[in-house]
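Student: What follows is a single structure, and I will ask about it in a moment.
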Amino acid sequence: MTNAPETTAGVDLAHEPDFSLGAMVVVPSACLVRSGEAAEHVEPRVMQVLILLARNAGRTVTRDQLIDACWGGRIVSDDAVNRVLAQVRALGRSLKPEPFTLETVPKVGFRLIAADAAARSPASGTAPPRDPSRRRRVLIAAGLALALLAIAGGLAWRFWPQSPSRPPGQNGRVDVMAFEAAPSDPELQKVAADIPETIVRALADGGFAVAERPAPRDAAESAAELRVAGAVQRENANYVINAQILDRKTGLVLWTYRFVRTARELQESPGDIANQIAAILACAIWDRRAARTPISTEAFGLYLNTCASTEGNGGAEHRLALTRRLVVAAPQFANAHALHAMAAAQVAWATEQSPAEAAALHAESKAAAEQALKLDPHTPRAYSGLVINVGGGGQLKKDRLLEEQYLLKGLALDHDFSSLRKGYAQLLRETGRNDAAIEFIRASDAARDTRGGQDSTFALLLAAKGDLGGAERAVKQVEASSRTSQRSMRQTIVFWWEDPKAALAKIRGLVPADGPQENAGCDVTYLQELDARKAKHVRGLPEICRGKTANWRVRALAREGDIDGAYAELRPTMPGGTLFLFYPEMKAFRRDPRFWPFAKSVGLTDYWLKSGHWPDFCAEPDLPYDCRKAAAAA
């Protein structure tokens, strides 16, 4: 290739010549890639991005350059670009030897490295297009995620072309069918029409091959592998939505679930059910495409149900039973063992009453994760299992250094793998590095990835820093993209970090008339009495708040100045681990002499001393101690 002048010319697939990358033959005009006798169709946008990267093989192309050339410079979400890049990366991984690799150049862009330097590549426009300034990426704060991103690569949505060994019916395509409802009930009919529409939208946003509209229940046969179907009924004042995922060819029901929602819940969060179904399908289909051997329909059904269980549709014991069956049904499937590792670890942490049983489950979890990595070293989900095994259960004391190592190793395989990314942000928060967590989320686009579950974390962190306007914008962005209500997040932000007098009116307005009133009663009473309790140095909390969690009580007591009461409320396990220690209302708690022995007892001082990563509060002015000396003394 030559160093031609910069160009912003788009990619016209109809006039692009065929070319090869290693053993892969690329046919742009047909949106087709071939290897030997195997062929796979790809989306036009994927083909455009592949061509642009191949034109500039060996050179870095920025994200903005990709958007200019392949999206015509239109405003497009980062998730949409990520999904296309994931499919391009998967094309390179689908053959052995790999015809090319797609590298992530931290803070710069992406670079395609052809396996054969002499490979015939697309002609014309060999230099990358110019880099517009209007879409500058957020830079990573100094020191924080720099080391992480230097080893990171990959993307969360894993698209894999059909391999020659995969059964031809397993194409990952989904038909969404119209839901059934009693024709005599107009409200049911409306709900039954809305839900499949939102499922189609959620699947399309997730990169699935799906028709633009739900199909009639008596629709003719299609080329899709799966169908989503369901029915809506009334049960007292609630709506019951029975949803199913079926194998289209055999009609076998692979997964089913009964959602119960009030009319208000359906109105406020119309995307709730659709997002869950899309997440379940994404988990199963994308993971299956990474499998090196065919997966039976039985194993795929088990995988679907395991993915559903991780989305909250089932408990940990049920999930463990599913994964034990799954690894028997698909013993060569690395991700099956990875899910088994996660399930065994989660049950282990819940088995506190039986140390021997817990130890056996931890060993089972570790062995499953190691087997997953043995089968396929590029299995980021296996590191999620290892992370849970050393840091789950909400326990305060754990090996955070080892947890961090696993997180970084997994993120090096796939920087946008949501559970690992969420876990790393959680680790930063648990060790008092909230500023670093904010920058990590911003830099990794987690603040805009609703499926990763990071949005609420981002809003929470901004609010705790005093940026209430930024927090509200983040909350609105979540609601707009996921179509789910963030009422509870607003309640949390208003109660803890807004001025108590202003918060009182908002708290009352945020609790719906048909919602639970007991928590609102405690919140209102606490805020009404807060100033007086502070002035009079009252100990304890209002009687109406006796049912609150230990985490809440510690923070509320510290906020009103009862530090002795706050320390008395500490428990061996706390909701959220050590997150509660680093909120602004805990400032006086941290400055008390008892803080450092407590930090030592939960393993924080060891982590800070060994890692050299100190919490944000160590930079506070007028701190009554030097953190390094206090940690060493403890």
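At position 41 of the sequence shown (counting the first as 1) the number is 41 in the numbering used here, and the numbers step up by one without a gap. We treat Cβ as the ideally placed atom computed from N, Cα and C, and that holds for glycine.
(1) Is DSSP giving glycine 125 helix, strand or coil here?
(2) Out of curiosity, what's the CA-to-CA distance linking alanine 193 and isoleucine 241?
(3) Considering serine 222, what are the terminal residues of the alpha helix (DSSP H) in which it resides?
(4) Cα-Cα, which of Pro214, Asn171, Arg555 and Ala237 is closest to glycine 230?
(5) In angstroms, rounded to a whole number, what distance separates the CA positions of threonine 351 and glutamate 357?
(6) Report the residue from Thr379, Gln48 and Leu188 whose alpha carbon sits nearest the alpha carbon of tyrosine 406.
(7) In chain order, what residues of the same chain lie with their CB nearer than 8 angstroms to the CB of threonine 549, ignoring the 5 residues before and after it?
(8) Using only the alpha-carbon positions, how far apart do leucine 386 and alanine 341 sit?
(9) Closest to lysine 476 by C-alpha separation, out of Lys465, Ala464 and Leu460, would be which residue?
(10) If you follow the beta strand (DSSP E) that aspartate 175 is in, where does it begin and where does it stop?
(11) What's the C-alpha gap between leucine 302 and aspartate 622?
(12) Whole angstroms are fine: how far does the CA of arginine 55 sit from the CA of threonine 605?
(13) Tell me tryptophan 255's beta-bridge partners as DSSP assigns them.
(14) Between Asn389, Ala363, Ile295 and Arg559, which lies nearest to glutamine 170 when the distance is taken from Cα to Cα?
(15) What are the partner residues of arginine 652, as DSSP defines its beta bridges?
(16) Where does threonine 656 land, buried or exposed, given buried means 16+ other C-beta within 10 angstroms?
(17) Going by alpha carbons, who is nearest to valine 282 out of Asp205, Val25, Phe589 and Pro615?
(18) Using only the alpha-carbon positions, how far apart do proline 17 and isoleucine 280 sit?
(19) Would you tell me roughly how many angstroms separate the C-alpha atoms of serine 482 and tryptophan 286, rounded to the nearest one?
(20) Using a Cβ-Cβ cut-off of 6 angstroms (strictly less than) and excluding sequence neighbours within five positions of cysteine 618, which residues of its own chain qualify?
(21) Look at the Cβ atom of tryptophan 596, then the Cβ atom of alanine 632, and state whether they are nearer than 7 angstroms.
(22) Comparing C-alpha positions only, which one of Arg319, Ala220, His415 and Gly172 sits nearest to leucine 203?
(23) Does the CB of asparagine 305 have a neighbour CB from chain C at under 7 angstroms?
(24) Rounded to whole angstroms, what's the CA-CA distance from phenylalanine 440 to proline 593? Just pull it up for me.
(25) The alpha helix (DSSP H) that contains glycine 109, what's its start and end?
(26) According to DSSP, is glutamate 37 helix, strand or coil?
(27) Terminal residues of the continuous alpha helix (DSSP H) containing valine 347?
(28) I'd like to confirm the pairing. Which residues does DSSP put opposite arginine 227 in its beta bridges?
(29) Quick check: what's the CA-CA separation for alanine 532 versus phenylalanine 580?
(30) Taking the continuous alpha helix (DSSP H) assigned at serine 20, which residues delimit it?
(31) Roughly how far, in whole angstroms, is the beta-carbon of glycine 10 from the beta-carbon of glycine 72, given that I think they are within contact range, below 8 angstroms?
(32) Taking one C-beta from the stretch 25-43 and one from the stretch 175-195 each time, how about it: are there three or more such pairs within less than 8 angstroms?
(33) Which residue wins for smallest C-alpha separation from leucine 320, given the options Ala336, Pro331 and Gln332?
(34) Indicate whether glutamine 244 and threonine 256 have their beta-carbon atoms separated by less than 7 angstroms.
(35) Mark threonine 293 as exposed unless 16 or more other C-beta atoms lie within 10 angstroms of its C-beta, in which case mark it buried.
(36) Would DSSP call phenylalanine 417 helix, strand or coil?
Tutor: Walking through what the data contain:
(1) The residue you call residue 125 lines up with position 125 of the sequence shown. Reliability of the predicted coordinates at glycine 125 is poor, the pLDDT of 43 falling under 50, and the value obtained from them is presented with this limitation in mind. DSSP places glycine 125 in coil when its eight states are reduced to three.
(2) Along the sequence shown, one-based indexing puts residue 193 at 193. Along the sequence shown, one-based indexing puts residue 241 at 241. Distance between the alpha carbons of alanine 193 and isoleucine 241: 12 angstroms.
(3) Within the sequence shown, numbered from 1, the residue matching residue 222 stands at position 222. It is not in any alpha helix (DSSP H) - serine 222 carries neither H nor E in the DSSP assignment.
(4) Against the sequence shown, residue 230 aligns to sequence position 230. Among Pro214, Asn171, Arg555 and Ala237, the Cα nearest to that of glycine 230 belongs to Pro214.
(5) Position 351 of the sequence shown, counted from the start, is the residue given in the question as residue 351. Position 357 of the sequence shown, counted from the start, is the residue given in the question as residue 357. C-alpha separation (whole angstroms): 7 angstroms.
(6) Taking the sequence shown and counting its residues from 1, one reaches residue 406 at position 406. Nearest option by C-alpha distance: Thr379.
(7) Within the sequence shown, the letter at position 549 stands for residue 549. Only Pro575 meet the Cβ criterion.
(8) Here residue 386 is taken as the residue at index 386 of the sequence shown, counted from 1. Here residue 341 is taken as the residue at index 341 of the sequence shown, counted from 1. Going from the Cα of leucine 386 to the Cα of alanine 341 covers about 7 angstroms.
(9) The residue you call residue 476 lines up with position 476 of the sequence shown. Of Lys465, Ala464 and Leu460, the residue nearest in Cα terms is Leu460.
(10) Taking the sequence shown and counting its residues from 1, the one referred to as residue 175 is at position 175. 174-176 is the span of the beta strand (DSSP E), which, as asked, contains aspartate 175.
(11) The residue you call residue 302 lines up with position 302 of the sequence shown. The residue you call residue 622 lines up with position 622 of the sequence shown. Roughly 57 angstroms separates the two Cα atoms.
(12) By one-based count along the sequence shown, residue 605 stands at place 605. By one-based count along the sequence shown, residue 55 stands at place 55. Straight-line Cα distance between these residues: approximately 51 angstroms.
(13) In the sequence shown, residue 255 corresponds to position 255, counting from 1. Ile245.
(14) Working through the sequence shown from its first residue, we reach residue 170 at position 170. Nearest of Asn389, Ala363, Ile295 and Arg559 to glutamine 170, Cα basis: Ile295.
(15) No statement about residue 652 is possible, as the shown extent of the chain runs from 1 to 634 and does not include it.
(16) The requested residue 656 is not part of the displayed model; the chain covers only 1 to 634.
(17) As a position in the sequence shown, residue 282 is number 282, starting the count at 1. The question names valine, yet the displayed sequence has alanine at residue 282. Checked all of Asp205, Val25, Phe589 and Pro615; the closest Cα to alanine 282 is Asp205.
(18) Counting from 1 along the sequence shown, the entry for residue 17 is found at position 17. Counting from 1 along the sequence shown, the entry for residue 280 is found at position 280. Spanning the two alpha carbons is a distance of roughly 39 angstroms.
(19) Locating residue 482 in the sequence shown gives position 482, counting from the first residue. Locating residue 286 in the sequence shown gives position 286, counting from the first residue. Their Cα atoms are separated by approximately 21 angstroms.
(20) Start at 1 with the first residue of the sequence shown, and residue 618 comes out as number 618. The answer, listed in chain order, is Cys627.
(21) On the sequence shown, residue 596 is found 596 positions in, with the first residue counted as 1. On the sequence shown, residue 632 is found 632 positions in, with the first residue counted as 1. Not closer than 7 angstroms, so no.
(22) Position 203 of the sequence shown, counted from the first residue, corresponds to residue 203. Checking every option, the nearest Cα to that of leucine 203 belongs to Gly172.
(23) Among the chains of the structure shown, chain C does not appear; only one protein chain is present.
(24) Counting from one through the sequence shown, the residue named residue 440 turns up at place 440. Counting from one through the sequence shown, the residue named residue 593 turns up at place 593. Using only the alpha carbons, I get a separation of about 32 angstroms.
(25) Residue numbering aside, residue 109 sits at position 109 when the sequence shown is read from its first letter. It is not in any alpha helix (DSSP H) - glycine 109 instead sits in the beta strand (DSSP E) that spans 109-114.
(26) The sequence position of residue 37 within the sequence shown is 37, counting from 1. Note: glutamate 37 maps to coil in three-state DSSP.
(27) Taking the sequence shown and counting its residues from 1, the one referred to as residue 347 is at position 347. Element bounds for valine 347: 334-349.
(28) Numbered from its first residue, the sequence shown carries residue 227 at position 227. According to DSSP, which records beta bridges pairwise, arginine 227 is partnered with Asp175 and Leu246.
(29) In the sequence shown, residue 532 corresponds to position 532, counting from 1. In the sequence shown, residue 580 corresponds to position 580, counting from 1. C-alpha separation (whole angstroms): 24 angstroms.
(30) What you label residue 20 is simply residue 20 of the sequence shown in a count that begins at 1. That residue, serine 20, is in no alpha helix (DSSP H); its beta strand (DSSP E) goes 19-21.
(31) One-based indexing of the sequence shown puts residue 10 at position 10. One-based indexing of the sequence shown puts residue 72 at position 72. With 8 angstroms as the limit, glycine 10 and glycine 72 qualify as a contact, their Cβ atoms being about 6 angstroms apart.
(32) no
(33) For the purposes of this step, residue 320 is taken as residue 320 along the sequence shown, with counting starting at 1. Measuring from the Cα of leucine 320, the nearest candidate turns out to be Ala336.
(34) Position 244 of the sequence shown holds residue 244. Position 256 of the sequence shown holds residue 256. Their beta carbons are under 7 angstroms apart, which means glutamine 244 touches threonine 256 by this criterion.
(35) On the sequence shown, residue 293 is found 293 positions in, with the first residue counted as 1. Threonine 293 is exposed by the Cβ-count criterion.
(36) Position 417 of the sequence shown holds residue 417. The answer is coil: DSSP assigns phenylalanine 417 none of H, G, I, E or B.
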